[in-house]
Amino acid sequence: MPYSASPPPPSRIRWRRGRVTATGRRGRDSLELTVEVPDEGALRALAYPSLVGIPETGDEVLLNTTALAQGLGTGGFALVVAVPDRLPPDPEGSGHLVKARYTPLQVSVSGVDEQDTKHHTLLAEADDLGGMPVVVADLHSALPAVLIGMLATDPDLKVAYVMTDGGALPAAFSKTLDALAKSLVGVITVGQSFGGDLEAVTLHTGLLAARHVLGADLAIVTQGPGNLGTGTPWGFSGVAAGEACNAVTVLGGEAIGALRISDADPRTRHRGVSHHSLTAFGRVALGGVTLIAPRGLSSELGGQVDEDLAGQPERNPVVWVDTDGLDDALVLSPVPLRTMGRGYPEERAYFLAAAAAGRYAALRVPVPDGEPEPAS
1 MPYSASPPPP SRIRWRRGRV TATGRRGRDS LELTVEVPDE GALRALAYPS LVGIPETGDE
61 VLLNTTALAQ GLGTGGFALV VAVPDRLPPD PEGSGHLVKA RYTPLQVSVS GVDEQDTKHH
121 TLLAEADDLG GMPVVVADLH SALPAVLIGM LATDPDLKVA YVMTDGGALP AAFSKTLDAL
181 AKSLVGVITV GQSFGGDLEA VTLHTGLLAA RHVLGADLAI VTQGPGNLGT GTPWGFSGVA
241 AGEACNAVTV LGGEAIGALR ISDADPRTRH RGVSHHSLTA FGRVALGGVT LIAPRGLSSE
301 LGGQVDEDLA GQPERNPVVW VDTDGLDDAL VLSPVPLRTM GRGYPEERAY FLAAAAAGRY
361 AALRVPVPDG EPEPAS
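Residue numbers (full-length UniProt numbering): 1 to 376.
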């Protein structure tokens, strides 16, 4: 049957109406709510004021409860789609970069790389990262640990975060970013993700903006909160970590891989070095990536990591990095360290690996001509 003649697919969104009974935590562009829904009771809900306005107690709201009903790890909220009786004002500004394109909630933002913006000429000519180290990680939960490793090594470094669209699209969904904002020179949302300090069409221009617009010494690349996996070798959103390494290499940066390591995950495929890391870095990152393994693991886990990485291609050197002092720094994290429902120190190996990648990157920052090399 021709596509055009096929019947429409079944409904893909679980819609509900409810009334706001309380407001809670407010982020940069997020507002937590309690919404009473007939026959379902009180639901936790999340609104993005830049999209739907600011719901108030007593407002009727339209909700998308699809992910909430599925019990997804990062889908613990009903999402406010609209406040029908009090629509927000029309957007202002000249942005022509549309994200979440052709969905009912597509948004228009001003891209750092689009015409008629003050940085367009700069990015039209920029073509190189000048050797800037870029740490690439599979999961958003690695972000604070990578940053801790960088700043524990050199607190004066300027670090940018580039958020890809493999997980949550709104940067405002991340409580981690609210807590880390003062430690970052800026957040750049690329692809279909949005809500950063800068918006970019692609990861490539996002990386160039980190270097040339924000003046970053280092960058961290991960997807937003949430990770889609299917238990198949290629069906996980973290595959994009390998593509991110390719972008770094093409632009003359140094790709550094933060390995996903665990001895706490009950799933065999994620114990030792996760198959996600082995696939994304070992089979997708064709330009090569330096893989960082942390010293200080138990002898059993360290041996497993060594064995897991033995099959990496020659283009992916493995560097074991000293982790003295990193545990103390991780304990003082400004944001709770959690991954897959487990925290620190239960998942110590995972967070230590991320921090070690950050430390290595900090030691690899190119030194301007005439300045001495840092002690390593």
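A virtual CB, placed ideally from N, CA and C, is assigned to each residue, including glycine. Keep in mind that this is a model prediction, so the values were computed, not measured.
- Would you decide whether D127 is buried or exposed? Buried here means 16 or more other CB atoms lie within 10 Å of its CB. exposed
- Message: At the level of alpha carbons, what is the spacing between T153 and Y102?
- Response: 44 Å
- Query: Below 8 Å, can you find three or more Cβ-Cβ pairs linking the region 286-295 to the region 163-176?
  - Reply: no
- Around the C-beta of Q223, are 16 or more other C-beta atoms found within 10 angstroms, so that it is buried, or is it exposed? buried
- Own chain partners of G206 with C-beta closer than 7 Å, once the 5 adjacent residues on each side are dropped: V162, I188, V190, A200
- Query: For T57, is the classification buried or exposed, using 16 other Cβ atoms within 10 angstroms of its Cβ as the cut-off for buried?
  - Reply: exposed
- Task: Quickly, what does DSSP pair R101 with across the bridge? List them, please.
- Result: R101 is not bridged to any residue.
- Query: Measuring CA to CA, which of G196, L301, P336, S141 is closest to A258?
  - Reply: S141
- Close Cβ partners of S183 (< 8 Å) along its chain, the five nearest in sequence each way excluded: L147, L151, V159, P334
- CA nearest to the CA of D327, picked from Y350, V185, L309, A181: Y350
- Query: Could you check where the beta strand (DSSP E) with V37 kicks off and where it finishes?
  - Reply: Segment 31-37, the beta strand (DSSP E) holding V37.
- Message: Please report the straight-line C-alpha distance between V221 and T66, rounded to a whole angstrom.
- Response: Rounded to the nearest angstrom, the two C-alpha atoms are 28 Å apart.
- Item | Coil, strand or helix - N316 by DSSP | coil
- Query: Roughly how many whole angstroms lie between the Cα atoms of A362 and L62?
  - Reply: Whole-angstrom Cα-Cα distance: 46 Å.
- Message: My parser needs the alpha helix (DSSP H) runs of 4 or more residues fully inside the region 161-208; what are they?
- Response: Note on the region 161-208: whole alpha helix (DSSP H) runs with a minimum of 4 residues are 175-180, in chain order.
- Message: Closest to K307 by C-alpha separation, out of A329, G341, R271, G166, would be which residue?
- Response: According to the sequence shown, residue 307 is Glu rather than Lys. Of A329, G341, R271, G166, the residue nearest in Cα terms is R271.
- Item | Those residues which DSSP pairs with I220 across a bridge | V135, Y161
- Message: Whole angstroms are fine: how far does the CA of T23 sit from the CA of N64?
- Response: 18 Å
- Task: Return yes when the Cβ of G231 is within less than 7 Å of the Cβ of M132, no when it is not.
- Result: no
- Message: What ranges does the beta strand (DSSP E) occupy inside the region 272-322, keeping only unbroken runs of at least 3 residues that lie completely in it?
- Response: 290-294, 318-321
- A375 to W320, Cα distance in whole Å? For A375, the pLDDT reaches just 46, beneath the cut-off of 50, and the residue's location in the model is therefore unreliable, although a value from the coordinates is still provided. Approximately 17 Å, taken between the alpha carbons.
- Can you tell which of Y48, G238, R28 has its C-alpha closest to the C-alpha of T164? Comparing Cα positions, the closest option is G238.
- Item | Residue from D178, W15, G149 with nearest C-alpha to residue 409 | For the chain, the structure presents residues 1 to 376; residue 409 sits outside this window and is missing.
- Query: Nearest-angstrom Cα distance between K99 and R364?
  - Reply: 34 Å
- Please check the pair L68 and L43, which I expect to be a contact at CB under 8 Å, by giving their CB distance rounded to whole angstroms. 7 Å
- Query: Start and end of the beta strand (DSSP E) containing L24?
  - Reply: It is Gly, not Leu, that sits at residue 24 in the sequence shown. Taken as a continuous stretch (DSSP letters only), the beta strand (DSSP E) holding G24 covers 15-26.
- Query: By Cβ distance, which residues of its chain are closer than 7 Å to L332, with the 5 residues on each side in sequence left out?
  - Reply: none
- Item | Simplified DSSP assignment, three categories, for I256 | I256: strand per DSSP, three-state reduction.
- Query: So Q304 packs on L291, CB below 8 Å; how close in whole Å?
  - Reply: Not confirmed; about 15 Å, so no contact.
- Query: Is it true that the CB of V248 sits closer than 7 Å to the CB of I261?
  - Reply: no
- Message: Helix, strand or coil for E40? Go by DSSP, reduced to three states.
- Response: coil
- Item | DSSP-derived helix/strand/coil call for T339 | Looking at T339 - three-state DSSP - the assignment turns out to be strand.
- What are the residues that DSSP puts in a beta bridge with V61? G18
- Message: Closest to G111 by C-alpha separation, out of F194, A356, L352, would be which residue?
- Response: F194
- Message: Spatial neighbours of N246 within its chain, please: C-beta separation below 7 Å, excluding the five flanking residues on both sides.
- Response: Excluding sequence neighbours, N246 sits near A285, L286, G287.
- Message: When you measure from the CB of E56 to every non-hydrogen atom of the ligand PLP, does any distance come out below 6 Å?
- Response: The ligand PLP is not part of this structure, which contains no ligands at all.
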